[in-house]
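In what follows, a single structure is set out as structure tokens and then discussed.
4 protein chains.
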Amino acid sequence: QVLKKVIKIPNYLLFFSSIFLVVGASWLIVILEEETFHTFFDGFWWVMTTVTTVGYGDLYPVTIAGRWLALFLYVIGIGLIGVVIGKIIDGLAIYRKKRQEGD
Amino acid sequence: QVLKKVIKIPNYLLFFSSIFLVVGASWLIVILEEETFHTFFDGFWWVMTTVTTVGYGDLYPVTIAGRWLALFLYVIGIGLIGVVIGKIIDGLAIYRKKRQEGD
Amino acid sequence: QVLKKVIKIPNYLLFFSSIFLVVGASWLIVILEEETFHTFFDGFWWVMTTVTTVGYGDLYPVTIAGRWLALFLYVIGIGLIGVVIGKIIDGLAIYRKKRQEGD
Amino acid sequence: QVLKKVIKIPNYLLFFSSIFLVVGASWLIVILEEETFHTFFDGFWWVMTTVTTVGYGDLYPVTIAGRWLALFLYVIGIGLIGVVIGKIIDGLAIYRKKRQEGD
Ligand SMILES: [K+]
Ligand SMILES: [K+]
Numbered sequence: 010q011v012l013k014k015v016i017k018i019p020n021y022l023l024f025f026s027s028i029f030l031v032v033g034a035s036w037l038i039v040i041l042e043e044e045t046f047h048t049f050f051d052g053f054w055w056v057m058t059t060v061t062t063v064g065y066g067d068l069y070p071v072t073i074a075g076r077w078l079a080l081f082l083y084v085i086g087i088g089l090i091g092v093v094i095g096k097i098i099d100g101l102a103i104y105r106k107k108r109q110e111g112d
Numbered sequence: 010q011v012l013k014k015v016i017k018i019p020n021y022l023l024f025f026s027s028i029f030l031v032v033g034a035s036w037l038i039v040i041l042e043e044e045t046f047h048t049f050f051d052g053f054w055w056v057m058t059t060v061t062t063v064g065y066g067d068l069y070p071v072t073i074a075g076r077w078l079a080l081f082l083y084v085i086g087i088g089l090i091g092v093v094i095g096k097i098i099d100g101l102a103i104y105r106k107k108r109q110e111g112d
Numbered sequence: 010q011v012l013k014k015v016i017k018i019p020n021y022l023l024f025f026s027s028i029f030l031v032v033g034a035s036w037l038i039v040i041l042e043e044e045t046f047h048t049f050f051d052g053f054w055w056v057m058t059t060v061t062t063v064g065y066g067d068l069y070p071v072t073i074a075g076r077w078l079a080l081f082l083y084v085i086g087i088g089l090i091g092v093v094i095g096k097i098i099d100g101l102a103i104y105r106k107k108r109q110e111g112d
Numbered sequence: 010q011v012l013k014k015v016i017k018i019p020n021y022l023l024f025f026s027s028i029f030l031v032v033g034a035s036w037l038i039v040i041l042e043e044e045t046f047h048t049f050f051d052g053f054w055w056v057m058t059t060v061t062t063v064g065y066g067d068l069y070p071v072t073i074a075g076r077w078l079a080l081f082l083y084v085i086g087i088g089l090i091g092v093v094i095g096k097i098i099d100g101l102a103i104y105r106k107k108r109q110e111g112d
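Protein sequence lines correspond, in order, to chains A, B, C and D. Counting in this note's numbering, the first sequence runs from 10 upward without gaps. Counting in this note's numbering, the second sequence runs from 10 upward without gaps. Counting in this note's numbering, the third sequence runs from 10 upward without gaps. Counting in this note's numbering, the fourth sequence runs from 10 upward without gaps.
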């Protein structure tokens with residue numbers, strides 16, 4: 010099952026790949042739509058606003074390439090939340106089992 | 010219980026019905042509000058922005074028919090997230106049971 | 010524990026109180042800010058957009074009274090999602106127990 | 010495990026630190042960007058709209074300092090939702106265990 014493998018991903022790997030994705034997307038959107046996103050910080054601000062699904066609407070892509078990057082970020086953002094929830098549930102189960110076995 | 014039946018839905022069916030819904034809604038919104046949504050890709054961009062609850066506000070329906078389609082998408086989007094969480098919890102329980110029984 | 014009581018709330022009660030809240034808030038916002046929200050459907054559209062946290066930003070309250078209503082809707086929306094997740098987890102646990110005991 | 014310690018946080022501490030964070034951030038954004046956020050209530054309205062990820066886009070920071078505060082709020086908001094889900098799952102497990110042991 011794919012779920013088993015996803016839950017087994019170490020936390021540090023999840024942390025560093027998230028940072029890599031955010032930095033990469035921030036850099037890519039500035040290249041793709043430099044007319045809308047002037048600086049790397051503009052890109053970073055937009056990526057974080059998108060991944061957390063806040064979406065103020067002060068910055069958003071208008072080209073097809075930029076929109077595809079946003080769509081990719083939506084899926085990544087929701088996927089990450091799923092993985093984190095999975096890890097919380099799994100961690101709680103392990104912790105409860107230990108509490109039952111002894112203390 | 011309805012929950013039992015929902016969790017039993019195979020993953021491939023969930024995947025294809027999601028794609029069908031997104032494509033169908035993208036096509037429908039262009040028909041319903043062609044003054045706001047010029048192309049199928051505009052519709053698709055709006056549907057994905059809505060279902061993931063990002064909601065930039067660059068595109069939104071203004072007619073009653075278009076708004077009802079959006080309201081339907083809200084419920085679908087939240088329902089799908091509920092089903093996915095249910096599947097994660099169920100999958101984790103089965104995986105833990107197998108780990109306990111042997112390995 | 011308050012959690013126990015919340016999970017015990019029957020589904021039909023949850024359903025009807027949600028509808029009551031949405032209709033009540035839609036009607037109240039039109040009264041509070043008739044300059045922004047012209048019709049009941051405008052109010053309903055805004056309430057649903059807020060409770061689902063999509064938040065397009067086409068309509069939002071500008072008065073203090075209207076903003077307090079929105080703040081109340083935020084808390085209700087997130088609370089409802091918590092209750093639904095609680096019900097899914099509880100329902101899955103009961104279903105698994107039944108599956109273990111016989112089938 | 011860090012999860013164990015987070016779940017052990019008493020509810021009243023979680024409640025008061027949330028209020029402290031919201032009030033502190035509301036006050037800080039007015040100081041950082043007084044041209045956008047005129048009153049404390051404006052700041053409070055923006056903080057709540059951000060933490061709940063509604064994000065209407067009527068108010069958003071434009072300076073680097075204000076944006077960093079927003080980024081901090083995103084992480085806090087999502088972290089809090091994770092803790093609340095963890096507490097619901099843990100509370101349900103304790104409640105089920107008690108129900109099994111006697112009633
Ligand atoms: K949003
Ligand atoms: K938004």
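Glycine included, C-beta positions come from ideal geometry on N, C-alpha and C.
Establish whether the CB of residue 62/A and some CB of chain B are separated by less than 9 angstroms. yes
Please name the residue in 54/C, 99/C, 63/C whose C-alpha comes closest to that of residue 38/C. 54/C
For residue 51/B, which three-state DSSP category applies? helix
Roughly how many angstroms lie between the CA atoms of residue 89/B and residue 95/B, to the nearest whole one? 10 angstroms
Is residue 66/C helix, strand or coil when you go by DSSP? coil
What is the DSSP secondary structure of residue 59/A, reduced to helix, strand or coil? helix
Pick out whichever of 51/A, 66/A, 85/A has its Cα sitting closest to the Cα of residue 73/D. 51/A
Does the separation of the CB atoms of residue 31/B and residue 56/B fall below 9 angstroms? In this structure, the beta-carbon distance from residue 31/B to residue 56/B falls below 9 angstroms.
Does DSSP put residue 18/B in a helix, in a strand, or in coil? When secondary structure is reduced to three states using DSSP, residue 18/B falls in the coil class, being assigned neither helix nor strand.
Residues in the region 85 to 108 of chain B with C-beta within 8 angstroms of chain C's C-beta atoms, listed in sequence order? 86, 87, 91, 94, 95, 98, 99, 102
Burial state of residue 21/C (16 or more Cβ within 10 Å): exposed
Can you tell me which of 76/B, 80/B, 60/B puts its alpha carbon nearest to the alpha carbon of residue 80/A? 60/B
Is there at least one non-hydrogen atom of ligand 1 closer than 8 angstroms to the beta-carbon of residue 45/C? no
Would you please verify whether the beta carbon of residue 36/D is less than 9 angstroms from any beta carbon of chain C? no
What's the call for residue 35/D, buried or exposed, on a 16-neighbour Cβ count within 10 Å? Residue environment: residue 35/D is assigned as buried (16 or more neighbouring CB atoms within 10 Å of its CB, all protein chains considered).
Any residue whose CB is nearer than 7 angstroms to a heavy atom belonging to ligand 2, listed in chain order: 63/A, 64/A, 65/A, 66/A, 63/B, 64/B, 65/B, 66/B, 63/C, 64/C, 65/C, 66/C, 63/D, 64/D, 65/D, 66/D
Quick one, are the C-beta atoms of residue 75/B and residue 45/B less than 9 angstroms apart? Closer than 9 angstroms, so yes.
Do you know offhand how far residue 70/B's Cα is from residue 19/D's? 44 angstroms
Indicate the three-state DSSP secondary structure (helix, strand or coil) for residue 71/B in the structure shown. coil
Residue 69/B at chain D interface by Cβ criterion, 9 angstroms: no
Burial state of residue 48/B (16 or more Cβ within 10 Å): exposed
Rounding to the nearest angstrom, what Cα-Cα distance links residue 103/C and residue 27/B in this structure? 28 angstroms
Taking Cβ-Cβ distances shorter than 7 angstroms, what residues in chain B pair up with residue 52/A? Going along chain B, no residue has its Cβ under 7 angstroms from residue 52/A, so there is no contact; the nearest lies around 15 angstroms.
Beta-carbon neighbours of residue 66/D, restricted to chain A and to distances below 8 angstroms: 64, 65, 66, 67
Cross-chain neighbours of residue 59/C in chain D, by beta carbon under 8 angstroms: Here the neighbours are 63.
What residues in its chain sit with their C-beta under 8 angstroms from that of residue 78/A, if we drop five residues either side in the sequence? 34, 37, 38, 41, 70
Distance, Cα to Cα, residue 82/C vs residue 82/B? 20 angstroms
Taking the straight line between their C-alpha atoms, what separation do you get for residue 101/D and residue 86/D? 23 angstroms
Taking 9 angstroms as the CB-CB cut-off, is residue 80/D touching chain A? yes
What is the rounded straight-line gap between the Cα of residue 92/A and the Cα of residue 43/C? 44 angstroms
Would you kindly work out how many angstroms separate the C-alpha atoms of residue 29/C and residue 84/C, rounded to a whole number? 16 angstroms
Below 8 angstroms on the Cβ atoms is my contact criterion, and I expect residue 98/A with residue 97/D to pass it. Report the Cβ-Cβ distance as a whole number of Å. With a Cβ gap of about 11 angstroms, residue 98/A and residue 97/D do not count as contacting.
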